[in-house]
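**Q** This is the structure I want to talk about, given as structure tokens.
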Amino acid sequence: MPSTAPAPTMPEDLLRGAGLRVTAARVAALRAVGEQQHATADDVLSSVREELGTVSVQAVYDVLHALTDADLLRRIEPAGHPARYERRTGDNHHHVVCRRCGAIGDVDCTVGHAPCLTPSDDHGFVVETAEVTYWGLCPDCSA
Numbered sequence: 002m003p004s005t006a007p008a009p010t011m012p013e014d015l016l017r018g019a020g021l022r023v024t025a026a027r028v029a030a031l032r033a034v035g036e037q038q039h040a041t042a043d044d045v046l047s048s049v050r051e052e053l054g055t056v057s058v059q060a061v062y063d064v065l066h067a068l069t070d071a072d073l074l075r076r077i078e079p080a081g082h083p084a085r086y087e088r089r090t091g092d093n094h095h096h097v098v099c100r101r102c103g104a105i106g107d108v109d110c111t112v113g114h115a116p117c118l119t120p121s122d123d124h125g126f127v128v129e130t131a132e133v134t135y136w137g138l139c140p141d142c143s144a
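Each residue of the sequence shown is one higher than the one before, starting from 2 at the first, in this note's numbering.
Here it is as structure tokens:
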């Protein structure tokens with residue numbers, strides 16, 4: 002009976018599996034986003050610098066771009082907020098965003114199949130995913 006190996010979780014294995022070279026900056030960026038879901042580029046930059054010392058802003062943006070292109074990270078862009086990065090990829094989950102402080106949470110697709118929403122008119126597009134953002138106040142801001 003064939004065994005199914007668990008998906009790799011170590012940054013080095015993820016990079017190799019995506020066909021990317023393993024570099025210190027890529028490993029540090031994956032760790033940073035793994036430790037702080039929905040991290041901004043500035044958050045990642047701070048974490049990478051803390052781990053590696055000096056690294057340029059451009060290097061971190063290049064790393065985030067490469068990791069996003071390889072589907073190791075997902076970039077989300079809530080209106081009025083900086084882009085955020087998360088390691089949860091490959092599913093059709095959505096987000097809830099606090100209007101006041103910008104906190105973000107994941108929301109699983111709860112109804113139907115991916116994509117969660119079927120457009121009334123797809124204009125001939127082959128719809129692959131739907132992005133839904135729920136807006137409101139987080140528990141801390143609504144208290």
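Think of the CB as a built atom: it goes at the ideal place given N, C-alpha and C, for glycine as much as any other residue.
1) Could you tell me the alpha carbon to alpha carbon distance between S4 and D109, rounded to whole angstroms?
2) Could you tell me whether any Cβ in chain C is nearer than 8 angstroms to the Cβ of C102?
3) Out of R101, V128, A30, which has the shortest C-alpha to C-alpha gap to R142?
4) Counting pairs of beta carbons, one from the stretch 29–48 and one from the stretch 83–95, are three or more of them closer than 8 angstroms?
5) Which runs of the alpha helix (DSSP H) at least 4 residues long sit entirely within the stretch 38–105? Give them in chain order.
6) Since A19 and V61 should fall inside the 8 angstroms C-beta cutoff, what is the C-beta to C-beta distance between them, to a whole number of angstroms?
7) From what residue to what residue does the alpha helix (DSSP H) around G35 run?
8) Go to G137, then tell me how far its beta strand (DSSP E) extends in each direction, as first and last residue.
9) Keeping to the same chain, check which residues put their C-beta closer than 8 angstroms to that of Y135; ignore five residues upstream and five downstream.
**A** For this structure:
1) One-based indexing of the sequence shown puts residue 4 at position 3. One-based indexing of the sequence shown puts residue 109 at position 108. Unreliable placement is indicated for S4, whose pLDDT of 47 sits below 50; the coordinate value is still reported in the next sentence. Near 28 angstroms, if we compare the C-alpha coordinates of D109 and S4.
2) Here there is only one protein chain, and chain C is not present.
3) By 1-based counting over the sequence shown, the position of residue 142 is 141. Note that residue 142 is Cys in the sequence shown, not Arg. Ranking R101, V128, A30 by Cα distance to C142 puts R101 first.
4) A contact exists between the stretch 29–48 and the stretch 83–95.
5) Along the stretch 38–105, the alpha helix (DSSP H) occurs as fully enclosed runs of 4 or more residues at 42–53, 58–70, listed in sequence order.
6) On the sequence shown, position 18 is the one that residue 19 refers to. On the sequence shown, position 60 is the one that residue 61 refers to. About 18 angstroms separates the two Cβ atoms, so there is no contact after all.
7) Sequence index remark: in the sequence shown, residue 35 carries index 34 (1-based). 25–36 is the extent of the alpha helix (DSSP H) around G35.
8) As a working note, residue 137 is residue 136 in the sequence shown. Per DSSP, G137 is one residue of the beta strand (DSSP E) stretching across 134–137.
9) The sequence position of residue 135 within the sequence shown is 134, counting from 1. Shown here for Y135: same chain residues with a beta carbon closer than 8 angstroms to its own, the five before and five after excluded, namely H95, H96, V97, V98, V108 in chain order.
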